[in-house]
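One line per chain: the protein sequences are U and B, in this order.
If you count the first sequence from 1, you need to add 14 to reach our numbering.
If you count the second sequence from 1, you need to add 16 to reach our numbering.
Note that beta-carbon positions come from the ideal geometry of N, C-alpha and C, so glycine has one too.
None of these values were measured; they are calculated from a predicted model.
What follows is a set of notes on a single structure, which appears directly below.
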Amino acid sequence: MANLRDIRNRINSVENTKQVTRAMKMVAAAKLRKAQERIFNTRPYAFKIREIVDHLQEELDPTAHEFFQSREEINGVLLVVITADRGLAGAFNSNVIKKAEEAIETEYRDVQKAGNLYLLCVGRKGHEHFSKRDYQLVGDYRGVFDSLSFRTASSVVDDAIEGYHREIWDEVDVVYNEFKNTIAQNRIVEPLLPIPEETFKTPIMEEELTGQPLSANGQEIDYIFEPGARTILDEIVPRYLNYQLWRALLESNAAEQGARMVAMDNATSNAEDLLEDLRITYNRERQNAITMEILDITSGAEALGDG
Amino acid sequence: MADDLYVDIVTPDDRVFQGQATGVRAPGVEGSFEVLYNHAPMIAAFGVGTLSVKTKDAHRFADIHDDRVVFATSGGFIEVIDNKVTVLAETVEPASEIDVERAQAAEERAARRLKEGGLEGAEREEAEAALERARNRVRISMGEIGR
Chain U
15 MANLRDIRNR INSVENTKQV TRAMKMVAAA KLRKAQERIF NTRPYAFKIR EIVDHLQEEL
75 DPTAHEFFQS REEINGVLLV VITADRGLAG AFNSNVIKKA EEAIETEYRD VQKAGNLYLL
135 CVGRKGHEHF SKRDYQLVGD YRGVFDSLSF RTASSVVDDA IEGYHREIWD EVDVVYNEFK
195 NTIAQNRIVE PLLPIPEETF KTPIMEEELT GQPLSANGQE IDYIFEPGAR TILDEIVPRY
255 LNYQLWRALL ESNAAEQGAR MVAMDNATSN AEDLLEDLRI TYNRERQNAI TMEILDITSG
315 AEALGDG
Chain B
17 MADDLYVDIV TPDDRVFQGQ ATGVRAPGVE GSFEVLYNHA PMIAAFGVGT LSVKTKDAHR
77 FADIHDDRVV FATSGGFIEV IDNKVTVLAE TVEPASEIDV ERAQAAEERA ARRLKEGGLE
137 GAEREEAEAA LERARNRVRI SMGEIGR
């Protein structure tokens, strides 16, 4: 049996931990509110620009833009893996890393064996995980979530496009957590380049699109372009790519804060449970000690009286 | 109503308007145009200027003249299919929410930068664009055009 002082020390230390986890929960809750607002405001634009690019793609020849055509042979692949910079967010980071490894395992095994699989990790956790293992990393995007800016997204897209042009990779996918609600995330593997022929929809997008009037689906649309299709494509496609990646970053950011809040909430209530157990043990031990002392005294007195 | 367009105006950081309208006017790069019911499918780029929506749905905007809400925009794209109009704009600001003093200050600042000279290439273009945007905002907030 532990002695009283040991238990008291444990109680103090658990108490401290509880305070820390509770503070972290509060911080995450405050950050979550901001992150949520950002992603909710960005989604409509990102979804709409995707809709328009889809329509353009349906309407125009695949040769209209270099990113509309998928290459015949996929020799190299770039995965953009979006994790958090910090841990203590439950299974948030490990889940998305697992998802990326799964995708590599199932779809890009041969590419990896040939040594043509590249990873671009946004967020410290993913970078650290994959750099310890035998992966080829592109760029360094550690610590970007502290002050997340649109420039990060466009610089990731620039890197992706450059390698695509130089034919280092023929396909670019993004792996990230999509913010579903505070307690749940959707893990997404989304094609970025070339722009997929079949529209890629995440669960959130499906939700967003229901309830809106459908636009001519499948039927031939004969667009008027003003000024010209070429000019519009040159403007809209880079913007589309930037905003898709920007949205993924914001999704991940909001999801991270949500996951951390939940994880820290659990940790706090676990600490409370533990404290309660410890207090009961402590009181029981204290009572034991008192009983022992009384026993000592009474038996001592009795022994004296007998003598 | 049956003869209405369904209009959605979004910018990178907000959904500005969503609802029924009878017309949308945009400052197209090849001239200002208005989209009405049964317009042919179109994708157009537009520049700095006045974007306006004729609608009865615009309760949240303070100044509506003749059922028309006026916005200052700095460019973007407009798509029309099946009487559904999607406007993807860089920035969209309702005329009533423009801070005139700030816009004027921005105009002066941009004008000064251009006057001082010494700007080259992209920098100069950026300053010119800033001046145009600021002028547009001042004009629209003062109600000189579009009404």
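My assumption, with CB atoms under 8 Å, is that residue i sits in contact with residue j. Please give the rounded CB distance.
i       : j       : result
G129(U) : Y155(U) : No, G129(U) and Y155(U) are not in contact; Cβ-Cβ is about 22 Å, not under 8 Å.
V26(B)  : K62(U)  : 5 Å
V34(U)  : V94(U)  : No, V34(U) and V94(U) are not in contact; Cβ-Cβ is about 33 Å, not under 8 Å.
D99(U)  : D173(U) : 19 Å between Cβ atoms; not a contact.
I111(U) : L131(U) : In fact, because the Cβ distance is near 15 Å, the residues do not count as touching under 8 Å.
I326(U) : I59(B)  : The question about residue 326(U) has no answer here: the residues shown for chain U are numbered 15 through 321.
K45(U)  : A285(U) : Actually they are not in contact, since the Cβ atoms of K45(U) and A285(U) sit about 22 Å apart, beyond 8 Å.
G101(U) : N107(U) : 6 Å
V152(U) : L133(U) : 7 Å
A42(B)  : I94(B)  : 5 Å
V189(U) : I96(U)  : 7 Å
I21(U)  : E299(U) : 6 Å
I235(U) : I97(B)  : 6 Å
V154(B) : E123(B) : 6 Å
V203(U) : K113(U) : 7 Å
I238(U) : A56(B)  : 6 Å
L292(U) : L255(U) : No, L292(U) and L255(U) are not in contact; Cβ-Cβ is about 55 Å, not under 8 Å.
D184(U) : N89(U)  : 6 Å
A119(B) : S157(B) : 6 Å
R84(B)  : K70(B)  : 5 Å
A103(U) : A277(U) : 5 Å
Kindly indicate the opening and closing residues of the beta strand (DSSP E) around residue i.
i       : result
Y371(U) : Nothing can be reported for residue 371(U): it is not among the residues displayed for chain U, which extend from 15 to 321.
Q83(U)  : First-last for Q83(U): undefined, no H or E at that position.
L92(U)  : 91-96
A37(U)  : From DSSP, A37(U) is part of no beta strand (DSSP E) but of the alpha helix (DSSP H) over 18-73.
V189(U) : 185-193
L206(U) : 199-207
E240(U) : 238-240
Which residues bound the alpha helix (DSSP H) around residue i?
i       : result
A56(B)  : Here A56(B) belongs to no alpha helix (DSSP H), and DSSP marks it neither H nor E.
P217(U) : 217-223
M162(U) : In the sequence as displayed, the identity of residue 162(U) is Leu instead of Met. L162(U) -> no alpha helix (DSSP H), and no H or E assigned at all.
V152(U) : That residue, V152(U), is in no alpha helix (DSSP H); it is neither H nor E in DSSP.
L147(B) : 137-157
T120(U) : 106-121
E132(B) : 116-132
Which partner residues of residue i appear in the DSSP bridge assignment?
i       : result
F93(B)  : A61(B), L104(B)
K70(B)  : G39(B), R84(B)
G44(B)  : F62(B)
Y22(B)  : Q36(B), K100(B)
P210(U) : DSSP lists no partner for P210(U).
R31(B)  : V26(B)
E109(B) : A88(B)
E50(B)  : R41(B)
A103(U) : A105(U)
Quick one: does residue i have its CB under 8 Å from some CB of chain D?
i       : result
Y237(U) : Absence of chain D from the displayed structure is noted, the protein chains being U and B.
Contact set between the segment 85-101 of chain B and chain U, restricted to residues whose Cβ is under 7 Å from the partner:
F93, E95, I97, D98, K100
Taking only beta carbons into account, state which residues of the segment 239-255 of chain U come closer than 9 Å to chain B, listed in chain order.
F239, E240, P241, A243, T245, I246, E249, I250, R253
Is it the case that the segment 37-57 of chain B contacts the segment 120-131 of chain B, given that we only count it when at least three CB pairs across the two stretches are under 8 Å?
no
Counting only Cβ-Cβ distances shorter than 8 Å, please list the residues of the segment 56-89 of chain U near chain B, keeping chain order.
Against chain B - using a Cβ distance shorter than 8 Å - the residues of the segment 56-89 of chain U are T56, P58, Y59, K62, I63, E65, I66, H69, L70.
Residues in the segment 19-35 of chain B having any Cβ partner in chain U nearer than 8 Å
Those would be Y22, D24, V26, T27, P28, D29, D30, R31, in chain order.
Using Cβ-Cβ distances below 9 Å, what residues of the segment 155-181 of chain U are close to chain B?
F164
Three CB pairs or more closer than 8 Å across the segment 146-157 of chain B and the segment 54-69 of chain B:
yes
Identify each residue in the segment 136-157 of chain B for which the Cβ-Cβ distance to at least one residue of chain U is less than 8 Å, and report them in chain order.
none
Inspect the CB distances between the segment 69-88 of chain U and the segment 293-309 of chain U and report whether three or more fall short of 8 Å.
no
Below 7 Å between beta carbons is the criterion; list the residues of the segment 208-219 of chain U that meet it against any residue of chain B, in chain order.
none
Any contact of the segment 259-267 of chain U with the segment 48-61 of chain U, i.e. 3+ C-beta pairs under 8 Å?
Contact between the segment 259-267 of chain U and the segment 48-61 of chain U is present, because at least three Cβ pairs lie under 8 Å.
Tell me which residues of the segment 56-72 of chain B have at least one Cβ-Cβ distance to chain U shorter than 7 Å, keeping chain order.
A56, P57, M58, I59, A60, A61
Against chain U: residues of the segment 99-120 of chain B by CB proximity under 8 Å:
For the segment 99-120 of chain B, residues whose beta-carbon sits nearer than 8 Å to a beta-carbon of chain U comprise K100, T102, L104.
Closer than 9 Å, Cβ to any Cβ of chain B: which residues of the segment 40-53 of chain U, in chain order?
R52
Near-chain U residues of the segment 41-56 of chain B - C-beta to any C-beta below 7 Å:
G44, V45, E46, A56
Interfacial residues, the segment 257-272 of chain U to chain B, with Cβ spacing under 9 Å
Y257, W260
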